[in-house]
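Structure follows, in C-alpha cells:
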C-alpha cells in the first residue's frame, strides 16, 4: 500500500522557461531509461518476486521503486516549470490573441519550432509521458525475468544507462531549473547503481575498478559535486512506513564504486520541500474556468473540511510545520 | 513524495491457479482502462495541475492517484497468484523435465494454449504490464488536457469504463481469487466515479438518475454486495501522510448515485493485509539460485540490519503488530 | 463531401455466432491489407493527388475509396453478428449471472478461450479496429508516394493481397455469415484489382496471363461463383452523387484478367439492403439502460421529427420504399 | 452505404505555404483527438450500436460520423496546400537541382528543419495520417464500450477536447489558410459537442452553465465569430440521402450551451465548394510522368466517358452547375 | 560487407508440424530477446563502435553479430517447418476446398485456434518477424549506448535472458523439430554469454560462481547435453572471410563459467548442412502459379547460367561437393 | 549461413558533420522503405520460399537480401559520420564542460534543435534503427505473402519507392558525405528494381516504357551519373560464397528500363573499401574508459591472437593486402 505527502523529494532551482531543455528532460521522465521505467520495473519485480529467503533483495528493489515514484513527480514537475510560459516574456497572457512585447514571444507561438509541440497543444504547458522524440512510454520496456541475478544485472545496467543519459542532458543545457533536477537524479542514480552492484557483490562478484559506469567525471559538474560531497550517492532511504524493510542488510559496507565511502541506509526518507500548484494559463484554457465556474470553485475551497484521522505519519499540525526525517 | 508499507490494500481469496482468468485480469492491470492507466493519468494531472484556488480538486485527483498505485499492486499480485503453478497439479516441479501426475499438467505445458504465453515465457509466472490481448501499456493512454472540467469529465468516464470492464470480467470467470480482487475494484471504481461526479456537481451539473454508469446491478454479485453493504463505494481515503489533503471539501454530502448514502472521507487508508513473497519456481529458473548462491543469500538474510529511524508512520514494533487506521 | 444511406452494400447470410470466424474476419477489417486500410489509403491519395490532367485516375481511386467505406461498414457489421451471442445458446441472457442450458455457453464464458477476448471485454460483442492477432490499425499502413505509377502499382498489389487473404479466410471457416461477406469482398477486390491493372495498361503495361493474382480458382467457392456469374468482378460503381467522376475513361474495354469479360462502369451504386440495429445484451450492459432511462429514451423516440429537405437523393417517401439504382 | 460529391464541405482561404502550421494541423487530422478519430469512432459506434428503441441516438452518431469524413477531406486538403511549395518562393521547380531566387528556398531544402520532414520525403508535399509529432494514427484510439451513456459521455469529451486543441492551434499561427479551416472546425466541433450534450440532457442531465467546454472565448477569433453569427454551432446536417435519419428528435430545442440559440437539424448538408486537383511537383517526382507517359494519360483523359445513370442525387447537368442544398 | 552460403548453420530434426510450438519459437526469432534483436543490436554496436584501441572488442561483437544472422535463418526455417502442413494430416491439399481424412485437419482449419493465425493468413505457413504474442519486432529493442562497459554488460544480460527463455521453451514442447534448434541455440547463447563475460573479465570483473546465468541444469536436456559434450558452449567462430578478426584475443583462456573448459576461437565457421526449398501449398496459393506461369518458370530454371567468378570462397565445384571448415 | 569481411561495400566521401542530413538519411536506414526493411523482407522471403522449381527466383531475392545487409552497414556508418562531432567545430572535446571556440558549437549543444536528439542522447553520436521522424523500425513492415507474383510485385514497388525517397533526400542536402552514399544507393536500388522487373518479365509482363519508376532524371545528379556510366544499375552480384546461386538465369538480357544496357550478373561482389573504427567522444562517455580500464584494454589488444584457419575466402595474408573481385 502506498502513501503520499505533499512535498517534492528535492528542490527545483528557478530559471527562465526553456522548452528545448524540457524536451531533453522528457527522456529522463518517459524515455526507455527514464524514471517511469525504473518505477514500473521495480514495482513489477517486487510484486512478482520469488524466494522468501531473498527478502532483503526484494526490499531493496521495492524501496528504490518507491523512490522512483517521487522521481517521476520531481522530473515531471521540473518539466512543467520549463514549459510554463515563454523565455524572456514578461507578464501573463490575458487574451488568447495577445501579442507579446519586444524580446519575447507568446508561449503558443514558440510551440511550432521548439521542443515538443504537444507540450502546448495536447498538454497545457505540462509534462508528458513520452521520451525526447515524442514516443509514448511503453510497457514493453519493463524487464522482469524472475531470475534474481538477471534482474539485478539488468537493474544495474538500467541505472547506469539512466545516469549516462542524464550526464549527456546536463551538458546539453545551462538552464538552472533543468540542471538542478538532473544533478540530483545523477547522484541518486549512482546510489541505485551502487545498490544493485552491492547486491551482486553479495552473490560473489568482484567489480574491481569497473564502477561507477560511466566514468563520467560528473564530479566536475558543480551541482553534482555539491551533492556528492554530502555522500548522497552512498545513501539509501527505505520509504517504508512500518520499518519492515531489510534492504539495509545489503546496502551497507564499502561502496562498490571504491570511492572511499560506506553505504548507509539509516534514514526513512529525505526531508523534501513543499510542492506548489502552478498558476493559470489563459491561452491554454487551463484550468479554463469562467467567472461563473470560478465562483463555484471558490465555494468548495472555502468549505470547512472533515477531520481526517492521521494514522501513518505525524500529527497534522506538526507535519505542516516541518515533516522531519532524522 | 511517496511512501510504502508492506501490506496489500485488500485481501485476495485462495483458489486454484487459472491462466485464462489471469489473462482477463490483465485488462484491469495494463489495459487502456486499467489500474496502470488511472495511476499514471492522475499522477500527471496532479503534477501539471493549474489553479491554486482549485486545490481541493487537485487533492482529490492526487489522493485517488495514490490509491491506484496500491490497486496496481493488488491486481498485479492477484494475477501472479493466478499463474503460479497449474490447475489440478499437486506438488512442485523439482526438475525442468518433470512430468505431472494424472489430472494435471506441468505449468509450462499449459502455457502453449492458455492465457498469455508470456506469463510463462517472458515472466516467471507473474503479472505483465500488458492488456488481455498482449498489447503493452502505452503512455498515449494518459489524458491530461489541463482544462479542469474536461479532465474531470474524462476521469468520470474512465472510472465508469473501468468498472464496466471489471463487471464483464466478473461474469467471465468463477475463480475466487480473481473474483475477490475484481469485486473490490468494482466497488472502489464506483467510489472514484462518485468522486468525479460529485466534483462536477460542485460545478453545477445535476446528474438526476444517470449514475451509476453502468447500471450493472453489480449488487447481485455476492462479493460486491458484501462490500457495498459496508458503504465502501461512498468512502474515500486520503493516503496523505501529513493531513494536507482538502479532497474532503468535495467528497462529502449526498452520493451523486442517489443510493441514499452519504460520501465520507474521514479515513487516511484502509487497514490492508500483510503481503507475502511467493515461492520458488524451479521450472522457470526463478529466482534460479543454485546451492552456492543460496548460501550467499542466506548470509545476507541473516545479517543484523541497521536501525532505521521511522519518521513518517508509527513506531516499528507497533506497525509490525497492527498498522491501524481509524 | 460524403453522404450516407441506411443500407448495407450487400446482404449478410444468417448462421450461428462464431467468435473464431469473427476473429479471422478482423484481418479483413483492421488488418494491414483490410478494408480500413484501403479506405484510408485511397482517401489520402485522393486528397493529395497531383496532376489535373490525370483526373480520371484520381476519380478512379476516389470512387473505389468511397466504396471501401461501405466495405468497412459491411465487414464490421458481419463481425458484430458473428460475436453477437454464443453458438448453440438458445435464449437471451437476462441476468449477468445467468447459467446457460445444456449444449451451449453464456457468451462471456466463451470469451476466455475463443477468438479475441476484447470482442466481449472492451467492445460489447462488436467489431474492433484491429487485425486477427489484436494489433490496432495503424496510420503507418497508408501508402501515398505521390508518384502516380507507384501509387497504382501499390494499389494493385494491395487489392490482390487483400483478395489472397480473404480466400484463405474462406477456407478457414464454413460459417455462412462469414462466407457470404468474404465471398462478396473477394469478388469486389478482384474488380478493384482489374481497375488498377487497367490503369497501368493505359500507361503501357501488358499483363499477358499474369492476372488475376492470385490464381485462386476462387470460382470453385460456390458463393464466389454466383457473383462472378453476375460479372461483379468486372463492374465498377462511381458512388459519385453529381456524375462528375471520369473513372469510366479508364475502367472500360477488355478485362486485364483476360477472362472474356468487358469492364463496365455505368452504375452509380448497387442497390444494397436495409441495415438493422442489433438487440440489447444485458450481460454487456449494452446499451445498459435501466427502466428510468428507458422511459426517457422512449420519449425521444416518440417525438415528431422536423422535416429535412432532401437535396441529394430521391424523395424521402420513395427512398424508404425502394432506394433504387439502375 | 456511402456516397461522395466532388465538393469540399467548406472553403479554404489562400495564403503562403507554411510547413510549421501544416504540422500543427496534423494533430487535428491524425491526432488522438483529430478528425480521423472522430470519423472512425462514430463509424464503429454506429455499426455496433445496440437497442432498436434508441435509433435516434444511433442516427445522431452516424450523421456526425458521416460529416467527419468530410472533415478529414477538408483538413487533409488544407494541410496539403500548406506544404505545397515553399514560403516566399516564386515560381516552380523545373529541375530537381534547382536553386531558388533570393527571399525563398526550394521546398525540399526547408524540409530538414521545418515541420515534419515526412511531408516532403515520404509524401509528395501532402497530408499524412499522423499527429503533430509524427505518431501514426492508431486504432487503439477508438472508444466504443457499447454502453450508450458512456459512449455519449466520451463523445462529448472527445469533441470538446478536439475544439480545445483547435483553439490552441488557432493561437499558434496567423496563416490564413490554416485559420480558415481551424475556425470552421472549431465551430462544427461545438455543434457536435452540443449534440452529445443534448443527447445526455434527454437522459436527464442538467448542465447548468458548464458548457461549452472549454470556455474559449473563441468568439474573439474573427473567423470563428463570423461562423457563430450564422449559428453554425447550433445546426446539424443529416448527410442522409434517403431522409431516414431521426437525429432531429434529439438535436432540437434550446442549446445546452445556454447561448440563446435553438438547435436546428433541418438541412441535409451544407453547399460546400468545388474541390480542385493540385499541380505537379517535379522535385517530388509527383505525379512523375515523363512525356511518353504524359501522352498516354492525355489519351485517356480525352476519351468519351460512358454515361452513368445518376440515381441518388440531382441530374448531372444541374449538379455540375450548382449542387444546391436548401 | 556480408556474404552468404546456401547452408544452414545447424541441422533441424524431423517431426510432425506443430503450430503451438512454432508460436513459442517466435519469441526466439522476433521477441525482445530473440535472434533478430541480437543480430540487429550487434550490427549497430559494430557500426557505431568508438575506440580504435578496442578493436578486439568490436571484432568480438561483430563476429557474434554475423553468427546471429545465421541464427535468424535457422530458427526462421525451423518455424516454417513447424507450420508447414498440419499434424496427423497425410497427403497434400490439392484443392482449396479439400476435406482432410480422419485423424487430421486441413492446415487452414487449425489456424483459427492454434498458435498464431497470421502464420496461415498473412504468411503462407511461414515464419513471421513477431514474438510469441504477435507483437511485431521493434527497433526500440536495440541497445547501443556507446559506452563499452555498458554495451558489454547489456549484451551479457541479453544472451543470458535469451538462453533463459529458450530453456523455458524447451520445457514447453516435446516436438523434436523445435527442440533440436532450441537446444543448439541454448548452447550457442551460452557461448556468447561466455564471450561477453570474458570481455568484462579483461576489464577487471571477477564473476566467481555467478555464471552461467541462469543455472539451468540444461545439461539435463539430452539434446543440449550432446552439444555441451562437444564443448560448443566454449567455442567461438569468426565468420570473418579475410582473417582480420581479433576476437580471439578476448575469447581465450579459462571459461568464466568455471566449468573446466577453455575458450577456443580457432575456427572460421561450423560446417552446417545444405538448405532446401519448401514445397508448394496450394491452399495458400503459394507460390501460386498456374500451368501457364509454371511453364514460364520452368523455362527460366532450364536456362544455362552465366559463370560467376568466385573470389571469396573455394572453387565452385568443390564447394558444391563439400564446403568444409576445419 | 552468413560471413563478413571488414570492408564497406562503397566508399564514403569526407565532409563536415551535418545532423540534419543524418536525420534525413535515417529514413533510408530505418524507414518503412529503407535498407533494414529490404534486408529483413528478403531474408524472410528467402527462408519461407516455396517451390523448388523456382530456385532462380529464390536465389535472386536471397542475393539482393545479402547485399542489403551491406547497405545497412554502409548507410549506418554514413550516418554515424554525419553526427560525429559538430559543424565548424575545430578540435576535440576534452572535458564534458568544454566550451567551443568561435564559429562552432560543442556537439551536445546542437542536439537540442537539430536532427534527432537521440543521436546524441541515447546513442553516442551514432546511427539509430529509426526513421527520419524517430519512429522505431517495425517488423510489421515486412511483406511476405508467399505468393511469388505478389512478392515480386511488392519488391519492385519497394525498391522503386526506396529510390524515390533517396532522390528526394539527395535534393535536401548538399553534404558530400550524405550524397556519396545516397547516390550509390540510388543506383543500386535501380539495379534491384531492374531485377524484380526482369523477374516479372520472365512471367510474361511487358513494361513498355514504364520503367524506371520514378522517372527521376537522377542522371542529372553528378554522383549518380558517374555510377550509371559504370553500368552499376544493370549489374547484380551474388554474394554467394559457393557459387550455387542461379539468380543469373533471371538477371540477364536487355534491361527492362529500356536504356540500352544489358543486365549482367557475373561478379561475386564489389571490391569495397576497408572500414575504420571511429574515435572516442569524451562528451558522450564513449567508449568511456578511464586510464585504469584503458590499460586493461591495451593489454588485450597487445595479445598474440590464436591462428584462425580460413576456409571460406582467400588466404589471410592476401586478403589483407587486397581482397579482390573480378
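Protein chains in written order, with my numbering: chain U, 477 to 802; chain X, 477 to 802; chain L, 477 to 802; chain R, 477 to 802; chain V, 477 to 802; chain S, 477 to 802. Ideal Cβ positions, reconstructed from N, Cα and C, are used throughout, including at glycine.
- Do residue 522 (chain L) and residue 545 (chain L) have their C-beta atoms within less than 7 Å of each other? Taking 7 Å as the cut-off, the Cβ atoms of residue 522 (chain L) and residue 545 (chain L) do not count as close.
- So with Cβ pairs under 7 Å, would you call residue 529 (chain L) a contact of chain V? With 7 Å as the cut-off, residue 529 (chain L) does not count as an interface residue toward chain V.
- For a contact meaning CB atoms closer than 8 Å, what does residue 649 (chain U) contact in chain S? By Cβ distance, chain S contributes 588.
- What in chain L is Cβ-close to residue 680 (chain S), meaning under 9 Å? For residue 680 (chain S), the chain L residues whose Cβ falls inside 9 Å of its Cβ are 682, 683, 684, 685 and 686, in order along the chain.
- Contacting residues, own chain, Cβ-Cβ under 7 Å from residue 733 (chain L) (five flanking each side not counted): Around residue 733 (chain L), the same chain offers 670, 687 and 688 as residues with beta carbons nearer than 7 Å, after the five sequence neighbours per side are excluded.
- C-alpha distance - residue 741 (chain V) paired with residue 608 (chain U), whole-angstrom precision: Answer to the nearest angstrom: the Cα atoms are 42 Å apart.
- How should residue 674 (chain L) be labelled, buried or exposed, when 16 other C-beta atoms within 10 angstroms of its C-beta is the threshold for buried? Around the beta carbon of residue 674 (chain L), 16 or more other beta carbons sit within 10 angstroms, so the residue counts as buried.
- Query: Given a limit of 9 Å on CB to CB distance, which residues of the segment 601 to 612 of chain X reach chain L?
  - Reply: Taking 9 Å as the Cβ-Cβ cut-off against chain L, the residues of the segment 601 to 612 of chain X that qualify are 607, 608, 609, 610 and 611.
- Can you tell me whether residue 704 (chain S) is buried or exposed, with buried defined as 16 or more other CB within 10 angstroms of its CB? Within 10 angstroms of the beta-carbon of residue 704 (chain S) lie 16 or more other beta-carbons, which makes it buried.
- Stretch-stretch touch, CB-based, cutoff 8 Å, three pairs: the segment 505 to 513 of chain S with the segment 588 to 604 of chain V: No: the two stretches stay apart, fewer than three of their Cβ pairs being nearer than 8 Å.
- Segment contact, 8 Å Cβ cut-off, at least three pairs: the segment 478 to 489 of chain S with the segment 708 to 718 of chain V: Yes, they touch.
- Query: Which one of S:491, S:640, S:531 and S:517 has the shortest CA to CA distance from residue 764 (chain R)?
  - Reply: Comparing Cα positions, the closest option is S:640.
- Query: Straight-line CA distance for residue 720 (chain U) to residue 789 (chain U)?
  - Reply: One C-alpha to the other measures close to 16 Å.
- Query: Mind checking residue 490 (chain R): buried by the 16 CB within 10 Å criterion, or exposed?
  - Reply: Label assigned to residue 490 (chain R): exposed.
- Below 7 Å between beta carbons is the criterion; list the residues of the segment 723 to 753 of chain U that meet it against any residue of chain X, in chain order. Residues passing the 7 Å Cβ filter: 724, 725, 726, 728, 741, 742, 743, 744, 745, 748 and 753.
- Inter-stretch contact at 8 Å, needing at least 3 Cβ pairs: the segment 597 to 614 of chain V / the segment 625 to 633 of chain L: Not touching, per the Cβ criterion.
- Message: Does any residue of chain U have a CB that is nearer than 7 Å to the CB of residue 480 (chain X)?
- Response: For residue 480 (chain X), the nearest beta carbon of chain U is closer than 7 Å to its own beta carbon.
- Indicate whether at least one CB of chain L lies closer than 7 Å to the CB of residue 690 (chain R). No, no contact with chain L.
- Task: Kindly say whether residue 496 (chain L), judged by its beta-carbon, lies nearer than 7 Å to any beta-carbon of chain V.
- Result: In terms of beta-carbon proximity, residue 496 (chain L) lines the interface with chain V, with at least one pair separated by less than 7 Å.
- Message: What would DSSP say about residue 729 (chain L), mapped onto helix, strand or coil?
- Response: Three-state result, residue 729 (chain L): strand.
- Identified DSSP bridge partners for residue 711 (chain V): V:740, per the DSSP bridge assignment.
- Item | Neighbouring residues, chain V, relative to residue 499 (chain X) (Cβ below 7 Å) | At a beta-carbon threshold of 7 Å, none of the residues of chain V lie near residue 499 (chain X); the nearest stands roughly 10 Å away.
- Task: Could you tell me the distance, in whole angstroms, from the CA atom of residue 504 (chain X) to the CA atom of residue 642 (chain X)?
- Result: Approximately 7 Å between the Cα atoms of the pair.
- Own chain, CB closer than 6 Å to residue 796 (chain L), minus 5 neighbours either side, in chain order: Unreliable placement is indicated for residue 796 (chain L), whose pLDDT of 43 sits below 50; no coordinate value is reported for it.
- Message: If the cut-off is 7 Å on Cβ atoms, which residues from the segment 507 to 540 of chain R count as contacting chain X, listed in chain order?
- Response: Correct list: 508.
- Message: Strictly below 7 Å CB to CB, what residues from chain L border residue 644 (chain X)?
- Response: Those within 7 Å of residue 644 (chain X) in chain L are 584, 596, 597 and 760.
- Query: In the segment 606 to 679 of chain X, which residue ranges form an unbroken alpha helix (DSSP H) of at least 4 residues, counting only runs that do not cross its ends?
  - Reply: For the segment 606 to 679 of chain X, whole alpha helix (DSSP H) runs of length 4 or above, ordered along the chain, are 624 to 648 and 652 to 677.
- Please determine, among S:777, S:509, S:532 and S:599, the residue with the shortest C-alpha to C-alpha distance to residue 557 (chain S). The shortest C-alpha separation from residue 557 (chain S) is found at S:599.
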